[in-house]
Amino acid sequence: MLTFTFKEAREHNACEDSYRKFAKFKGGITKWGGNKPFPILEVLESNGLDDALWVLGHCKETKERDKAIRLFACDCAERVLPIFEKEHPKDKRPRKAIEVSRSYANGEATQEQRAAARAAWAAGAAGAARDAGDAAWVAAWDDRDARAVARAAAGAARHAWAAAGDEINFFA
Numbered sequence: 117m118l119t120f121t122f123k124e125a126r127e128h129n130a131c132e133d134s135y136r137k138f139a140k141f142k143g144g145i146t147k148w149g150g151n152k153p154f155p156i157l158e159v160l161e162s163n164g165l166d167d168a169l170w171v172l173g174h175c176k177e178t179k180e181r182d183k184a185i186r187l188f189a190c191d192c193a194e195r196v197l198p199i200f201e202k203e204h205p206k207d208k209r210p211r212k213a214i215e216v217s218r219s220y221a222n223g224e225a226t227q228e229q230r231a232a233a234r235a236a237w238a239a240g241a242a243g244a245a246r247d248a249g250d251a252a253w254v255a256a257w258d259d260r261d262a263r264a265v266a267r268a269a270a271g272a273a274r275h276a277w278a279a280a281g282d283e284i285n286f287f288a
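The opening residue of the sequence shown carries number 117 in my numbering; numbering runs sequentially from there.
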């Protein structure tokens with residue numbers, strides 16, 4: 117379970133309004149404790165997606181965190197993949213990149229899959245995934261929640277490409 121503390125939120129200069137809102141949700145910092153970890157899913161419940169993503173991005177870097185970020189990015193990318201596939205029905209590179217990223221997160225990606233993903237990236241998957249992200253932004257222009265998903269999906273492309281490489285680079 118991924119956790120965070122009020123102390124960590126302060127150290128990372130959390131938004132004051134969000135900090136206070138979550139503190140109220142927990143019954144106050146004094147009652148809860150500044151150094152006592154809380155599950156980041158509670159931030160999602162109390163404050164919403166934007167704050168939960170901020171916390172996730174500032175959690176200590178662990179394998180559990182990296183896996184959660186990668187799988188969330190895959191989920192977001194899959195939600196907007198139909199937009200891309202409608203425009204480019206024969207281009208399966210983004211779908212394959214998501215599949216490899218998910219396999220990588222679960223410790224199941226083979227060297228062959230990773231090599232194929234690198235080759236697809238070199239052949240232009242980056243541009244295809246960027247097109248999918250652009251389509252998602254256009255589709256989401258009037259809907260705040262959809263924009264958040266689109267932002268995450270755009271990041272998902274980066275995470276999917278990272279699965280093809282030898283290093284994981286989140287929030288780059």
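Virtual Cβ for every residue (Gly too), placed ideally from N, Cα, C.
Find the nearest neighbour of residue i within the set the options, judged by alpha-carbon distance.
| i | options | result |
| --- | --- | --- |
| residue 211 | 193, 185, 156 and 172 | 193 |
| residue 186 | 235, 207, 206 and 222 | 222 |
| residue 128 | 144, 153 and 170 | 170 |
| residue 131 | 142, 145 and 166 | 166 |
Identify, in the order they occur along the chain, each residue of the same chain with its Cβ nearer than 6 Å to the Cβ of residue i, setting aside the five sequence neighbours on each side.
| i | result |
| --- | --- |
| residue 216 | 225, 229, 233 and 279 |
| residue 177 | none |
If you check the beta carbons only, do residue i and residue j fall under 8 Å apart?
| i | j | result |
| --- | --- | --- |
| residue 118 | residue 180 | yes |
| residue 163 | residue 200 | no |
| residue 140 | residue 154 | no |
Please decide whether residue i counts as near chain C, where near means a Cβ-Cβ distance under 8 Å.
| i | result |
| --- | --- |
| residue 160 | The chain labelled as chain C is not found in the depicted structure, where only one protein chain is given. |
In chain order, what residues of the same chain have a beta carbon less than 8 Å from the beta carbon of residue i, not counting five sequence neighbours either side?
| i | result |
| --- | --- |
| residue 168 | 156, 157, 159 and 160 |
| residue 134 | 163, 167 and 170 |
Spell out the partners DSSP gives residue i in its beta bridges.
| i | result |
| --- | --- |
| residue 154 | 120 |
Is residue i a contact residue of the ligand PLP, with contact defined as CB to any heavy atom under 7 Å?
| i | result |
| --- | --- |
| residue 224 | Judged by which ligands are present, the structure shown has none, so any question about the ligand PLP falls away. |
Going by beta carbon distance, what residues of the same chain come within less than 7 Å of residue i, once the five residues before and after it are set aside?
| i | result |
| --- | --- |
| residue 227 | none |
| residue 125 | 135 |
Using 8 Å as the cut-off, can you tell me whether the region 147-157 makes contact with the region 121-129, which would need three or more C-beta pairs spanning the two stretches below that distance? The region 147-157 and the region 121-129 touch, with no fewer than 3 CB-CB distances between them shorter than 8 Å.
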